[in-house]
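One structure is given below, encoded as structure tokens.
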Amino acid sequence: MSPRPLPPRRPSDKTSNSAGKDAASPRPRSAEAWHYPLRHHNYRIFVALSLVGSGGVWMQRLAQDWLVLQLTGSPAAVGLAVALQFLPMLVVGPISGVLVDLFPKRRILMVCQSVAALLAAGLAAWNAMGGTDVWVVYGSCIALGITSSIDGPARQVFVNEVVGDAGLPAAIGLNSAIGQLGAMLGPALAGVVIAQAGPAAAFATNAGIGLAVLVMIALIRPAELHHAHDPDGPPRGKRGQILAGFKYVSARPQLLLIMLLAGLLGAFGMNGPVVLAAFADRVWHSGPAGFGLFNMVSALGALVGALVASRIKRFGRKGIVASAGLFGLAQLLAALMPTQESFVVMLIVVGFMTLMFLTSAATSVQLEAGASVRGRVLALYFPLLLGGHALGGLLAGWLTEEFGVRAGLVVTGALGMVSAAVVGAILWRQRVAARDGI
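As structure tokens, then:
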């Protein structure tokens with residue numbers, strides 16, 4: 028059955044007075060789309076905190092992954108650390124969606140950022156004092172995973188409150204690009220800091236970055252936020268809020284398939300912390316500096332991919348599936364590169380295709396979800412994506428241990444291609460059935 032079409036939005040009576048002019052204006056279609064979200068004071072602040080915060084998060088992740096590899100010497104242990112960061116989303120994710128839909132997003136972000144800064148400071152102090160128990164790092168990964176389970180959906184929905192529905196497509200793309208710029212700078216800085224001063228210094232730096240992000244969140248003006256209401260979404264304040272989110276997604280099969288594809292690509296494709304650490308340590312022998320370089324060039328390709336994807340007016344489900352398949356192919360080819368230089372080039376392609384897929388999929392999911400249920404939809408989307416990432420980290424670690432670094436990346440790349448082909452075939456059959464009235 029084809030999903031029920033969404034009713035046209037009427038932003039003039041759904042938003043605050045301060046947002047009326049922006050919400051009622053037509054969606055930007057040209058290069059002005061890039062400037063449109065930046066007209067908002069709050070979005071300029073949000074872009075800055077996204078850049079700084081993303082850099083800090085990637086610094087923290089790289090430092091954790093490298094510390095686990097130092098303490099254990101095992102890529103499988105790094106895979107476990109990755110899994111522990113993202114598996115909590117499978118449990119906490121659906122609950123966090125209800126919190127995001129019911130409580131002020133700005134307040135949620137401040138609480139989550141405070142917890143993340145404290146975790147970074149605690150890990151810095153423990154490592155500086157000579158701690159060597161890997162289970163302490165694993166505990167920090169779990170706590171950070173729980174925090175991220177709430178922070179991720181809140182941050183994505185908050186973009187809508189900052190710019191309104193009219194500016195949402197350009198804002199999602201620009202925000203993805205800014206996040207990837209942070210993901211490019213964070214690992215590069217982390218590689219330098221770890222090489223010069225060790226992981227504790229990287230954790231401490233991230234704690235300071237967390238405090239800076241808190242200040243920027245405080246500078247956002249609550250009176251200028253857009254608070255939309257979707258009359259077709261599930262009612263608020265009643266029992267069954269989590270189940271209502273599941274029902275909303277299950278009633279839209281094409282939306283569900285795109286979300287499942289994101290989960291499969293998370294499992295089979297987004298295993299960079301495990302694979303890149305193993306390539307740096309076992310294949311190219313370039314150490315933390317090489318690990319930082321690999322993450323940086325991947326993020327550079329991702330930045331370009333996010334920029335390109337956000338400029339495409341209508342990507343469509345065919346484009347989403349095609350970008351997923353090309354993502355898997357790029358990974359497979361990267362595994363076969365004979366030199367470190369050619370491997371680095373292919374990492375740029377991998378990063379590019381990663382964000383082409385993620386940006387287009389995230390835009391499709393957010394625009395199809397009604398305003399009042401958007402938090403719950405994203406709270407299902409992120410556990411699928413990042414929960415798949417967690418399971419993929421375990422899979423990549425096991426494959427790397429058993430069959431070697433290159434073989435592990437070949438297998439996961441091939442599985443990503445198969446996933447795209449299967450989902451694409453199902454979407455095609457649904458389209459043919461709808462056309463024929465079946």
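In the numbering used here, the protein residues as written are 28 to 465. Ideal Cβ placement from N, Cα and C applies to all residues, glycine included.
### Query
At what residues does the alpha helix (DSSP H) containing PHE295 begin and finish?
Taking the sequence shown and counting its residues from 1, the one referred to as residue 295 is at position 268. 280-295 is the span of the alpha helix (DSSP H), which, as asked, contains PHE295.
### Query
Should the stretch 211-226 be regarded as contacting the stretch 238-252, the criterion being three or more beta carbon pairs within less than 8 Å?
Short answer: they don't touch.
### Message
Quick check: the stretch 365-384 against the stretch 129-146, are at least 3 beta-carbon pairs closer than 8 Å?
### Response
As far as the Cβ criterion goes, the stretch 129-146 does not touch the stretch 365-384, which means the pair count is below three.
#### Entry: Member of VAL331, GLY209, LEU96, ILE285 whose CA lies at the smallest distance from the CA of SER81
Position 54 of the sequence shown, counted from the first residue, corresponds to residue 81. Residue GLY209 is the option with its Cα nearest to SER81.
#### Entry: Inside the stretch 347-408 only - alpha helix (DSSP H) runs reaching at least 4 residues
If we require 4 residues or more, the alpha helix (DSSP H) runs fully inside the stretch 347-408 come out as 367-395.
### Message
Check for me: the alpha helix (DSSP H) holding SER313 runs from which residue to which?
### Response
To locate residue 313, count along the sequence shown from 1; it is residue 286. It is not in any alpha helix (DSSP H) - SER313 carries neither H nor E in the DSSP assignment.
### Message
Let's see if you can read the secondary structure: which residues bound the alpha helix (DSSP H) around GLU251?
### Response
Residue numbering aside, residue 251 sits at position 224 when the sequence shown is read from its first letter. Premise fails: GLU251 is in no alpha helix (DSSP H) and is neither H nor E.
### Message
Buried or exposed, going by whether 16 or more other CB atoms sit within 10 Å of the CB of VAL459?
### Response
What you label residue 459 is simply residue 432 of the sequence shown in a count that begins at 1. Counting C-beta atoms within 10 angstroms of its own C-beta, VAL459 has fewer than 16 neighbours from the protein chains shown and is therefore classed as exposed.
### Query
What is the C-beta distance between ALA434 and LEU442, in whole angstroms, given that I count them as a contact (C-beta under 8 Å)?
Position 407 of the sequence shown, counted from the first residue, corresponds to residue 434. Position 415 of the sequence shown, counted from the first residue, corresponds to residue 442. ALA434 to LEU442, Cβ: 13 Å. No contact.
### Query
Using DSSP with H/G/I as helix, E/B as strand and the rest coil, what is THR174?
Counted from its first residue, the sequence shown places residue 174 at position 147. Reduced to three states, the DSSP call for THR174 is helix.
### Message
For a test of the three-state rule: what should DSSP assign to ASP308, helix, strand or coil?
### Response
If you number the sequence shown from 1, residue 308 lands on position 281. Here ASP308 carries a helix assignment [DSSP, helix/strand/coil].
### Query
Would you call SER176 buried or exposed, if buried means 16 or more other Cβ atoms sit within 10 Å of its Cβ?
For the purposes of this step, residue 176 is identified with residue 149 of the sequence shown, where counting begins at 1. Classification for SER176: buried.
### Query
What residue does the alpha helix (DSSP H) around THR99 start on, and which one ends it?
Within the sequence shown, residue 99 is the residue found at index 72, counting from 1. Following the DSSP letters along the chain, one finds THR99 inside the alpha helix (DSSP H) bounded by residues 68-99.
### Message
Beta-carbon within less than 6 Å of ALA329's beta-carbon, same chain only, minus the 5 sequence neighbours each way: which residues are those?
### Response
Mapped onto the sequence shown, residue 329 falls at position 302. Taking C-beta separations shorter than 6 Å and ignoring five residues to either side along the sequence, the partners of ALA329 in its chain run GLN207, GLY378, THR381, LEU382, following chain order.
### Task
Could you tell me if PRO365 is buried or exposed, where buried requires 16 or more neighbouring beta carbons within 10 angstroms of its beta carbon?
Position 338 of the sequence shown, counted from the first residue, corresponds to residue 365. That one is exposed.
### Query
Is ASP128 helix, strand or coil by DSSP?
Against the sequence shown, residue 128 aligns to sequence position 101. Correct three-state label for ASP128: helix.
### Where GLY158 falls: helix, strand or coil (DSSP)
Walking along the sequence shown from the start, residue 158 turns up at place 131. Note: GLY158 maps to coil in three-state DSSP.
### Run of the alpha helix (DSSP H) containing ASN233, from where it starts to where it stops
Translated into positions along the sequence shown, residue 233 becomes position 206. 226-245 is the extent of the alpha helix (DSSP H) around ASN233.
### Query
Quick one, are the C-beta atoms of LEU89 and ILE169 less than 8 Å apart?
Here residue 89 refers to the residue found at position 62 of the sequence shown. Here residue 169 refers to the residue found at position 142 of the sequence shown. Not closer than 8 Å, so no.
### Query
Is the Cβ-Cβ distance between PHE354 and ALA361 less than 8 Å?
Mapped onto the sequence shown, residue 354 falls at position 327. Mapped onto the sequence shown, residue 361 falls at position 334. With contacts defined as CB atoms closer than 8 Å, PHE354 and ALA361 fail to qualify as a contacting pair.
### Message
My output table needs one value for ASN202: the three-state DSSP class, helix, strand or coil.
### Response
Stepping through the sequence shown from its first residue, residue 202 is reached at position 175. Note: ASN202 maps to helix in three-state DSSP.
### Task
Would you identify the three-state DSSP class for LEU114, choosing helix, strand or coil?
Numbered from its first residue, the sequence shown carries residue 114 at position 87. Residue state, collapsed to three classes: coil.
### Query
From LEU374, ALA461, LEU405, pick the residue whose C-alpha is nearest to that of GLY317; which is it?
Walking along the sequence shown from the start, residue 317 turns up at place 290. Answer by Cα proximity: LEU374.
### Query
Between the C-alpha atoms of LEU129 and GLY290, what's the straight-line distance to the nearest angstrom?
Here residue 129 corresponds to residue number 102 of the sequence shown, with the count starting at 1. Here residue 290 corresponds to residue number 263 of the sequence shown, with the count starting at 1. Going by the C-alpha atoms only, they are around 26 Å apart.
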